[in-house]
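Sequence order for the protein chains is A and B.
Residue 75 in this note's numbering is what sits at position 75 of the first sequence, and the numbering runs on without skipping anything.
Residue 1 in this note's numbering is what sits at position 1 of the second sequence, and the numbering runs on without skipping anything.
Step one of this worksheet: look at the structure below.
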Amino acid sequence: MDIYADNILDHFKNPRHLGTLSGPTISLDDANPLCGDKLALDLLIEDNRVKDITFSGSGCAISQAAMSMLTEEAYTKTLDDVEKISKEQIYQLLGVPISPARVKCALLGYTLLKKAIILLKAKKTE
Amino acid sequence: MLNPQTIKRDFPILSRIINGKSLTYLDNASTSQKPRQVIDAITYYYSNTNANIHRGVYKMAEEATLAYEGTREEVRTFVNAQSMKEIIFTRNTTESINLIARTWGEANIREGDTIMVSALEHHSNLVPWQELCAKTGATLKVIPLSNNPQTPYTLDLEWFEKNIDNSLRLLALTQASNTTGTIVPIKKFIEIAHSHSAVTVIDAAQSAPHMPIDVQNINADFIAFSGHKMLGPTGVGILYGKQELLEEMPPFLYGGDMIREVLQYKSSWNELPWKFEAGTPNIADVIALREAIRYLKKIGMEDILKHDQQLTRYAKQKLAHFQNLKIHAPNDTTQGAGIVSFEIPFIHPHDIAEIFDSEGVAIRGGHHCAQPLMEHMKTQSTARMSFYLYNSEDDIDCAMAALEKVIHTFNQKK
C-alpha cells in the first residue's frame, strides 16, 4: 500500500491549524535530529479545554501530516480527553502502514502534545 | 572499460525483486553488495577450515592462519604499504580512527596543541577528535568549504595554508566525502601538515572502494577504511599506520593474541601488527575480504573510478532536468567519488527515499552521519545516490523514473 495516500498528502499540502498563537498558554517545540523533522506547537487553554491550537514546522510528509491531523483531533477537547488520545489513534488517522523506520516521524507531534499536557497539568497542581 | 552488466551477474542480491520491481541498488556509500566469490569464501571457511588462528598446530588452524594473514598481504599490496606490520584489522573505519585517538592521540596530544579536521568529515572522523580535545585541552579547528562559487563543496586550501601553525599536531582528513562525494587532494594537505611536523590521519572509507590508494606516494601517517564498502563482508576495518609510529604506540585493547609473554602481574606485548589485534578476530570475514580485494584488483581501481565518475556525470545531467532541484556535489565530476546528493524544496529526503523504494530503488535520505556538514551546506538532509562498479546508466534511468513519481506525488504547491 502506498503510504502517500490522499489524506496524508492533503494534510501535508494544506496543513490545518498552521501558524502561531499570540498569547498561548504553552509553547513547545521538538525536532528529530536523525531526519531533521521540526515541529513547534502552541496551545491556548481555557476552562481545561483546548480553545485553540496551532503548529508550524518542516520535515517529511508523515511528520507534518500527523501533526496536522492531531491538531484537528485535539481542537476543543478537554485536557483529559486529549490525554486519552493513543498512539493507535494516530496510526488510525494516518490510515497507512507505518514502517519501523517512520514511527518517529509519525509520533513526533503526538509526543510533543503529550508533553504539553503533562506540563500543563503539573502547572495546575503547583 | 568495465562492463557492469557482466559484473552484476556475480552479485546474487542484485537479482532480487523489491516491491515487484528489480532491485536498483544506489546506496553504495552506506555499504556495497557482495559478489558470489566473497559469499562463497565465508561458506567455504565455515564448512572446511574453521579454527582459531595463531595457536593450534593442527592442519585447519594452520590453514585458517595462512588465509587470515593472506588477506593482510592482499591489503598491503592494495594500498602499497611497505610491510604487513603496517596493516591492522579492526571492526570498521570508526574503530580504526578511535584506535589512533585512544593510543597515539592520548599519548601525544597536549593542552595547547591543535587538531584540524575538515568541514566534510562524517561523524566517525570528527567525534573521536572532539573527545580527544575535551580530554587533553587541545583545540579543534575546522578547514572550511571553499567560498568560491566556481569550486563548491571543495575544501579551502588557502584557508588551511593561512591558518596552520606549529601548534598543529594532528590533521584528520577525509579523502572523499560520503555526502558530496568530493575527493580531497590529500597529498597537498599532508605535505603542508608535515612541513609543520603534524601527524596525518586519512579517512579513506569512501575513497578506498573507488580509487587507487598508494600510501607511500601520499605519505599519510595513518589511513582508515572499511571492507564492507568495497565488496567485503561487514565487520572488518583496516588501519594502516607507518611502522615507526605503530611501534611507539601503546596497545589499544588488552588480552589474548596481542601479548608476547604474560606473567601473573605483568605482561609484554606482541610485535606488529598483532599488538593491536586483541582477542579472536573476525577470521571468516577477514578471509573473505581477500576475495573482495582480488575482485577489485581484477577489474582495476582506475577503471572503477572512471566508471563511477561517468555515472555521476550522467546522473547530474539527468537531475538538471528537474526544476528547483539542487545538486550538492562538486562541479567537476573528476573531483567526485561516485556520489550525488540532491534536494527538492518542500519534499523531505525520507519521502523521496520511501517513494524510490516503492520503485525498487534503494537510496539514502538523511544527514549521512555528517550533521555539521549539513549545516555548512545550509540544509537539514539530502537524498543521496551513490554508484559502484555493478551500476549502469539503466539504474540511473530507474532512479529518474522514481523521481518523476516523487514529483508527481507532491506536485501541488505546499
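Just so you know, even glycine gets a beta-carbon here, dropped at the ideal spot from N, CA and C.
**Asked** At least one CB of chain A closer than 8 angstroms to the CB of Gly20(B): is that the case?
**Response** no
**Asked** So which residues of chain B does Ile3(A) contact, with C-beta pairs closer than 8 angstroms?
**Response** Glu354
**Asked** Hey, does Ala61(A) have any beta-carbon neighbour from chain B nearer than 8 angstroms?
**Response** yes
**Request:** Go to Arg91(B), then tell me how far its alpha helix (DSSP H) extends in each direction, as first and last residue.
**Result:** Segment: none, Arg91(B) is in no alpha helix (DSSP H) and carries neither H nor E.
**Prompt:** Bridge partners of His328(B), per DSSP?
**Reply:** Ser341(B)
**Prompt:** Is Leu231(B) near Lys34(B), with beta carbons less than 8 angstroms apart?
**Reply:** yes
**Prompt:** Alpha carbon to alpha carbon, how far is Arg16(B) from Tyr4(A)?
**Reply:** 24 angstroms
**Prompt:** What are the partner residues of Met230(B), as DSSP defines its beta bridges?
**Reply:** The partner list for Met230(B) (beta bridge, DSSP) is empty, contrary to what the question assumes.
**Message:** Within a Cβ cutoff of 7 angstroms, which residues of the same chain sit near Leu389(B), ignoring the five residues on either side of it in sequence?
**Reply:** Leu2, Pro4, Ile7, Ile299, Ile304, His307
**Item:** Test item: CB-CB of Leu93(A) and Leu41(A) under 8 angstroms
**Value:** no
**Message:** Only counting the same chain, and skipping five residues up and downstream in sequence, which positions put a Cβ closer than 8 angstroms to that of Ala61(B)?
**Reply:** Ala51, Asn52, Ile53, Arg55
**Message:** Given a cut-off of 8 angstroms on the beta-carbon distance, is the pair Asn178(B) and Ile13(B) in contact?
**Reply:** no
**Prompt:** How is Val236(B) classed by DSSP in three states: helix, strand or coil?
**Reply:** coil
**Prompt:** With distances taken from CA atoms, which of Thr280(B), Asp395(B), Ala337(B) is nearest Ala204(B)?
**Reply:** Ala337(B)
**Asked** If you draw a straight line from the C-alpha of Lys413(B) to the C-alpha of Gly36(A), how long is it?
**Response** Interpretation of Lys413(B) is limited by its pLDDT of 41, a score under 50 that renders its predicted location unreliable; no figure is taken from the coordinates.
**Request:** List the endpoints of the continuous beta strand (DSSP E) containing Asn32(A).
**Result:** 26-32
**Request:** With a cut-off of 8 angstroms on the beta carbons, I'd call Leu126(B) and Ala101(B) a contact; round off their distance for me.
**Result:** Actually they do not touch by this definition, with Cβ atoms about 11 angstroms apart.
**Prompt:** Along chain A, which residues have their Cβ under 7 angstroms away from the Cβ of Ser381(B)?
**Reply:** Cys35, Gly36
**Message:** Less than 8 angstroms between CB atoms is the rule here; does His350(B) satisfy it with respect to chain A?
**Reply:** yes
**Asked** According to a CB-to-CB cut-off of less than 7 angstroms, which residues of the region 36-57 of chain A neighbour chain B?
**Response** Gly36
**Message:** Assuming contact is defined by CB atoms lying nearer than 8 angstroms, are Ala176(B) and Ser197(B) in contact in what I supplied?
**Reply:** no
**Request:** Give a yes or no on whether the C-beta atoms belonging to Ile26(A) and Ala65(A) are separated by under 8 angstroms.
**Result:** no
**Message:** I need the DSSP call for Lys413(B), collapsed to helix, strand or coil.
**Reply:** Any answer about Lys413(B) is weak, because its pLDDT of 41 lies below 50 and its placement is not dependable; what the coordinates show is given next. Three-state result, Lys413(B): coil.
**Item:** Start and end residues, alpha helix (DSSP H) containing Asp27(B)
**Value:** Asp27(B) -> no alpha helix (DSSP H), and no H or E assigned at all.
**Three-state class that DSSP yields for Glu106(B) in the structure shown** = helix
**Request:** Would you please verify whether the beta carbon of Met400(B) is less than 8 angstroms from any beta carbon of chain A?
**Result:** no
**Request:** Please go through the same chain and pick out, in chain order, the residues whose beta-carbon is closer than 8 angstroms to the beta-carbon of Arg36(B), but skip the five residues on each side of it.
**Result:** Asp10, Phe11, Pro12
**Asked** Considering Thr114(B), what are the terminal residues of the beta strand (DSSP E) in which it resides?
**Response** 114-118
**Asked** Is it a yes or a no for the region 81-100 of chain B touching the region 145-155 of chain B, going by three-plus beta-carbon pairs under 8 angstroms?
**Response** no
**Message:** Please report the distance separating the alpha-carbon of Glu161(B) from that of Glu106(B).
**Reply:** 26 angstroms
**Request:** May I have the straight-line CA-CA distance separating Thr103(B) from Val201(B), to the nearest angstrom?
**Result:** 13 angstroms
**Message:** Taking the beta carbon of Leu263(B) as the centre, do at least 16 other beta carbons fall within 10 Å, making it buried, or is it exposed?
**Reply:** exposed
**Message:** Between which two residues does the alpha helix (DSSP H) holding Lys162(B) run?
**Reply:** 157-163
**Message:** Check whether chain B comes within 8 angstroms of Leu18(A), counting only Cβ atoms and requiring the distance to be less than that.
**Reply:** no
**Request:** Reducing DSSP to helix, strand and coil, say where Leu108(A) ends up.
**Result:** helix
**Request:** Measure the C-alpha to C-alpha separation of Gly137(B) and Leu403(B) and round it to an integer number of angstroms.
**Result:** 48 angstroms
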